[in-house]
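Participant: Heads up: the sequence lines are chains A and B, in that order. Take the first sequence: its letter number 282 is residue 267 in the working numbering, and every next letter is one higher. Take the second sequence: its letter number 9 is residue -6 in the working numbering, and every next letter is one higher.
2 protein chains.
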Amino acid sequence: MFTRTKAFELLQALSSHPIDLTHPGALTPERIGSYSIEALGFHLLYGTERVNKEVIEALCQLAKESHALEKMRAMQAGEVLNRIEGYESENRSVLHTAMRDVFDERQTAPAAKDASDRASRELHKLKKFLEETDGYTDLIQIGIGGSDLGPRALCIALQAFHKPHKKIHFISNVDPDDANAVLKNVDPKKTLVVIVSKSGTTLETLTNEEFVRERFKATGVDPKRHFIAVTGEKSPMDDPSRYLASFYMWDFVGGRYSATSMVGAVMLAFSLGYDAFEEVLKGAHEMDVHAREAEPHHNLPLLSALFGIWNRNFLKLPTVAVIPYSQALLRFPAHLQQLDMESNGKRIDKEGHPCPFSTGPVIWGEPGTNGQHSFYQLIHQGTDPIPLEFIGFRKSQYPKDLEIQHTTSQEKLLSNLFAQSLALAIGQKSENPNKFFPGNRPNRILLADQLTPKTLGALLAFYEHKVAFQGFIWNINSFDQEGVQLGKVLAGKILGLFSASKAPGKPTSFPLGEAYLKYL
Amino acid sequence: MFTRTKAFELLQALSSHPIDLTHPGALTPERIGSYSIEALGFHLLYGTERVNKEVIEALCQLAKESHALEKMRAMQAGEVLNRIEGYESENRSVLHTAMRDVFDERQTAPAAKDASDRASRELHKLKKFLEETDGYTDLIQIGIGGSDLGPRALCIALQAFHKPHKKIHFISNVDPDDANAVLKNVDPKKTLVVIVSKSGTTLETLTNEEFVRERFKATGVDPKRHFIAVTGEKSPMDDPSRYLASFYMWDFVGGRYSATSMVGAVMLAFSLGYDAFEEVLKGAHEMDVHAREAEPHHNLPLLSALFGIWNRNFLKLPTVAVIPYSQALLRFPAHLQQLDMESNGKRIDKEGHPCPFSTGPVIWGEPGTNGQHSFYQLIHQGTDPIPLEFIGFRKSQYPKDLEIQHTTSQEKLLSNLFAQSLALAIGQKSENPNKFFPGNRPNRILLADQLTPKTLGALLAFYEHKVAFQGFIWNINSFDQEGVQLGKVLAGKILGLFSASKAPGKPTSFPLGEAYLKYL
């Protein structure tokens, strides 16, 4: 499908001679000014991508030929997009957007309406619960994957807005050192523990729950009065005899898309207060509406997805660095790594045929300016070009700043962001080969005013939709994750070997596993 | 040089038909048992790499033809390896190994001996300083790049061994939110502040220093009695009138190799106590001796470097994921990202010729089991194979663990590590294309007993030497970083635009920069 569009052929022809940004006169102030779109307070500046008007036209044509916008609308309306035709698959709607469709202008399609009604009910439950339980000072979230990376990234991003004396902790890894390190620092009597598992059966999460329950009991604290379940309705964890409260999630919200469901809501509303948390939802909802309504040329996540496809499939670049010039977004790339790589790291299309092209790239990144003193060396002068997605903000979160030599720290930060974008594009000629910079490193900047709860919600949704658009255009299923199963099966066999050594009568024959255990 | 070795030709021939690990009978318990070496308590298990005995022989021949061991010995003896022949370059020795060559069996070459004598002097100063200043509860380290990522990774890795009531904080980013977030949580009266900059001129670090000085003064605390300099002897920061103490670093220790110099020492000795910190140095020193003495077949970092080259230059895989199955190593991949990508992200060889082959790959990673619920989807079922380097430990750091269904959390962690290594190699056949795993994802495991200060020191040095060996074999300079300069120059120009707008009389003509400023 993707490779059989007319736009694909056109783009392939165009990719044999992409614009040379190092050429004198190629990157002008006019180009920087006109290669830019704006919506919801976000500017996307893409003059430093290796595209010209022809390429952009062809990319937008690709979006049209692959019905990207129609699929986004269908997704938000609750159509069953999570499936592989002709094979056993999850067969589900994909309705994370309904989790924040709780304001005006709601979707009216029945599946979407039902989902947003459910979301509203949980939000009301949560608001009431928090009013009734204001005495707690700490909250431990136990979850892994989508129940950890997204919430953790948002929590760190909004630390500047946390209420004083509300502290958040996370336990995710089955490594016992993870739980032990957190438990050193909390007083069980004042601590809520939120267990997050949609199925109610996640090995790491249930293990850590038991670990923490035992520790609470050992200090004379009754877990029943401190533990909260975030889980599927009727899952094994949906059990009022064991939890102070249960909040629900559903199979139409995938783990990596669940940060605005109760998975992120309980922790964020506890730390920020309910009203500030609602701003996160508002920001995400506005981006949802924009993503399904704006035409390709003016659609922030769609245009961003198209540049990604240009760099991946036509300029043949296998990785993407996401670099926020904001220390608060320290763990946001780790969330995006999951979101993108778990969604689009697929080798078959929606009809089950192997894809004859590259799908999801490796996504990685760390905040700037830090990265400039680290891996930027390779980005500037390594043998492989790496496309970059920069994120920046005009203002800092905290009001305090200091002017040194006529510029504030925030101005220094922004100067570095703009300078890197230019340096990567234009490079530098030199007689000394060690001072030669090849340039033509494609990059773009997403610029907003300030990282607030609302902006963060919009930024989160921007990336969710960028990823979904790329999946729509590649015609792959961005919403399942069959690739995690095989490891689970083999881990179970090796666990069988460990337990058989202690509880005879459970033999497991797995010679490859036994070969590893000899090293223990 | 690299492409003109006999081994290169041989390896290229062998790479046309690498072993198929998915073939029944290819990956046997015997292979797992015999494709393994052990030294200093570390096992390197490489049965799941796509190599056979012929490939390993050819790789070891490559090491010999490129004089990898001789160069490692020359480096540790203090030869001037940081240079490009025929062009202006740094022209320095590379003596981070001397920073821990402070025990028996010292190097006797004059340059190395002089460097280790200097290191000993600083260590004695540090020990005495800490005895005299025991009252402080908190330490803020201000630095960026090598003065931040390595120390931060080590600090987090050893949190289980920190003295109670000694807390460490880091400020790195010029983003004012970074400093503000840290300053919220410390009491200046009880806090030491360590400023780390070899040149004494790093923009971010000096800016943050002033930021924190102002805040200390505002609370009535005299910075002179709290601030410590870690800097080059005679740098602008080597100024007793402004600092309580100065500890020295030298130009023969690169930032990304400086974690065992005073750059990491002050913070680690403060938090762990001096004796436990010395264990880090001992572990690193033992690995230094191993790296220069063990023959290629039995040399942990050299063999690891060779597998890296096999995957990069012969199997043509552009990235490497480093996955520690240890939550304590959460930020270790970020350190390795800098170490490897800044060292080997180079496009010219040591004679200034463009390299006609790929050098340093993109290095990225997050701890397991967390990654299994995130980007592993792409690693198992994406379109591009990604080589993995796993790190594991037999025991957890904290003694407390809990047995659930006959296995402890630590056993669950190790089961997952071994299971993933196997699953990635052997894959899975299936009629359902979505349950098909192609396998042949090359990976290896570095397994040690427990993550202690000593093991961590050895692990740090293992990676320093793996990176250096790859650079030696590629014949590139792994010790400079010209690629950071261009960004600094352009950032300076844009900063000029900001300050000109406030302090007229400093005009800067930079239309590209002005084009960006219009978005502010």
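Positions of the beta carbon are idealized from the N, C-alpha and C atoms, including for glycine.
Which runs of the alpha helix (DSSP H) spanning at least 4 residues fall entirely within the stretch 344 to 377 of chain A, listed in chain order?
Facilitator: Complete alpha helix (DSSP H) runs here, min 4: 361 to 366.
Participant: Can you find the residues in the same chain that come closer than 8 Å, C-beta to C-beta, to residue 274 of chain B, ignoring five residues on each side of it along the sequence?
Facilitator: Contacts found: 90.
Participant: Here's the rule I'm using: 16 or more other beta-carbon atoms within 10 Å means buried, otherwise exposed. How should residue 425 of chain A be labelled?
Facilitator: Classification for residue 425 of chain A: buried.
Participant: How would you label residue 81 of chain B, buried or exposed, when you count the other beta carbons within 10 angstroms and need 16 or more for buried?
Facilitator: Residue 81 of chain B comes out buried.
Participant: Output yes if chain A places a C-beta closer than 9 Å to the C-beta of residue 26 of chain B; else output no.
Facilitator: Chain A contact via Cβ: absent.
Participant: Chain A beta carbons: is any one of them nearer than 9 Å to that of residue 401 of chain B?
Facilitator: Yes, contact with chain A.
Participant: In its own chain, which residues sit with a C-beta less than 6 Å from the C-beta of residue 173 of chain B, not counting the 5 before and 5 after it?
Facilitator: These residues qualify, in order along the chain: 201, 204 and 206.
Participant: Quick one: which chain A residues come within Cβ less than 9 Å of residue 418 of chain B?
Facilitator: Neighbours of residue 418 of chain B on chain A, chain order: 69, 72, 332, 333, 337, 338 and 339.
Participant: For the alpha helix (DSSP H) that contains residue 165 of chain A, what are its first and last residues?
Facilitator: Note, residue 165 of chain A: alpha helix (DSSP H), 161 to 168.
Participant: Among the candidates B/193, B/139 and B/342, whose CA atom is the shortest distance from the CA of residue 160 of chain B?
Facilitator: Nearest C-alpha to residue 160 of chain B: B/193.
Participant: Kindly indicate which three-state DSSP category residue 99 of chain A falls into: helix, strand or coil?
Facilitator: Residue 99 of chain A: helix per DSSP, three-state reduction.
Participant: Quick one, are the C-beta atoms of residue 357 of chain B and residue 419 of chain B less than 9 Å apart?
Facilitator: No, the pair does not count as a contact, with Cβ atoms beyond the cut-off.
Participant: Tell me where the alpha helix (DSSP H) around residue 234 of chain B begins and ends.
Facilitator: Looking at the DSSP string, residue 234 of chain B is not in any alpha helix (DSSP H); the run it does join, the beta strand (DSSP E), is 230 to 234.
Participant: Going straight from the alpha carbon of residue 223 of chain B to that of residue 119 of chain B, what length do you get?
Facilitator: One C-alpha to the other measures close to 23 Å.
Participant: For residue 155 of chain B, write down the residues that DSSP places opposite it in a beta bridge.
Facilitator: BP columns for residue 155 of chain B point to B/126.
Participant: For residue 434 of chain B, tell me which candidate among B/378, B/472 and B/405 has the shortest Cα-Cα distance.
Facilitator: Per the Cα distances, B/378.
Participant: Between which two residues does the beta strand (DSSP E) holding residue 309 of chain A run?
Facilitator: Residue 309 of chain A -> beta strand (DSSP E) spans 304 to 309.
Participant: Looking at the C-beta of residue 77 of chain A, does it have a partner C-beta in chain B at a distance below 9 Å?
Facilitator: For residue 77 of chain A, the answer is no, since every Cβ of chain B falls outside 9 Å of its Cβ.
Participant: So does the stretch 163 to 170 of chain A actually touch the stretch 463 to 476 of chain A, counting three or more Cβ pairs closer than 8 Å?
Facilitator: Taking 8 Å as the limit for Cβ pairs, the verdict is that the stretch 463 to 476 of chain A does not touch the stretch 163 to 170 of chain A.
Participant: Going by DSSP in three states, residue 227 of chain B sits in which element: helix, strand or coil?
Facilitator: Coil, per DSSP.
Participant: If you drop the 5 nearest sequence neighbours on each side, which residues of the same chain put their C-beta closer than 8 Å to that of residue 506 of chain B?
Facilitator: As shown, chain B starts at -14 and ends at 505. That puts residue 506 of chain B outside it, with no answer to give.
Participant: Determine the chain A residues that contact residue 188 of chain B at a beta-carbon separation under 9 Å, and present them in chain order.
Facilitator: The contacting residues are 354, 397 and 401.
Participant: At a CB-CB cut-off below 9 Å, which residues of chain E make contact with residue 389 of chain A?
Facilitator: Looking at the structure shown, chain E is missing, and the protein chains on hand are A and B.
Participant: For a contact meaning CB atoms closer than 7 Å, what does residue 351 of chain A contact in chain B?
Facilitator: By Cβ distance, chain B contributes 319.
Participant: Let me see if you follow: with CB-CB separation under 9 Å, is residue 466 of chain B close to chain A or not?
Facilitator: Closer than 9 Å to some Cβ of chain A, the Cβ of residue 466 of chain B qualifies, so yes.
Participant: Determine the chain B residues that contact residue 392 of chain A at a beta-carbon separation under 7 Å, and present them in chain order.
Facilitator: Here the neighbours are 480, 483 and 484.
Participant: Could you check where the alpha helix (DSSP H) with residue 443 of chain B kicks off and where it finishes?
Facilitator: Per DSSP, residue 443 of chain B belongs to the alpha helix (DSSP H) from 438 to 459.
Participant: Using a threshold of 9 Å, state whether the C-beta atoms of residue 46 of chain A and residue -9 of chain A are closer than that.
Facilitator: It is a contact, given that the beta carbons lie within the stated cut-off.
Participant: Are residue 295 of chain B and residue 34 of chain B touching if we call contact CB-CB under 9 Å?
Facilitator: Closer than 9 Å, so yes.
Participant: Using C-beta distances below 6 Å, list every residue in its chain close to residue 3 of chain B, excluding the 5 sequence neighbours before and after it, in chain order.
Facilitator: 35, listed in sequence order.
Participant: Could you check whether the Cβ of residue 422 of chain B sits closer than 9 Å to any Cβ belonging to chain A?
Facilitator: Taking Cβ atoms only, chain A reaches closer than 9 Å to residue 422 of chain B, which makes this a yes.
Participant: Find the nearest neighbour of residue 37 of chain B within the set B/12, B/51 and B/106, judged by alpha-carbon distance.
Facilitator: Comparing Cα-Cα distances from residue 37 of chain B to each of B/12, B/51 and B/106, the minimum goes to B/12.
Participant: Could you tell me whether any Cβ in chain B is nearer than 9 Å to the Cβ of residue 462 of chain A?
Facilitator: Output row for residue 462 of chain A: interface = yes.
Participant: What are the start and end residues of each continuous alpha helix (DSSP H) run of 4 or more residues lying completely inside the stretch -3 to 35 of chain B, in chain order?
Facilitator: Counting whole runs of 4 or more residues, the stretch -3 to 35 of chain B contains the alpha helix (DSSP H) stretches 14 to 19.
Participant: By how many angstroms is the C-alpha of residue 179 of chain B removed from the C-alpha of residue 241 of chain A?
Facilitator: Rounded to the nearest angstrom, the two C-alpha atoms are 39 Å apart.
Participant: Could you tell me which chain A residues have their CB closer than 7 Å to the CB of residue 264 of chain B, listed as they occur along the chain?
Facilitator: What residue 264 of chain B touches in chain A: nothing, since even the nearest Cβ is about 18 Å away.
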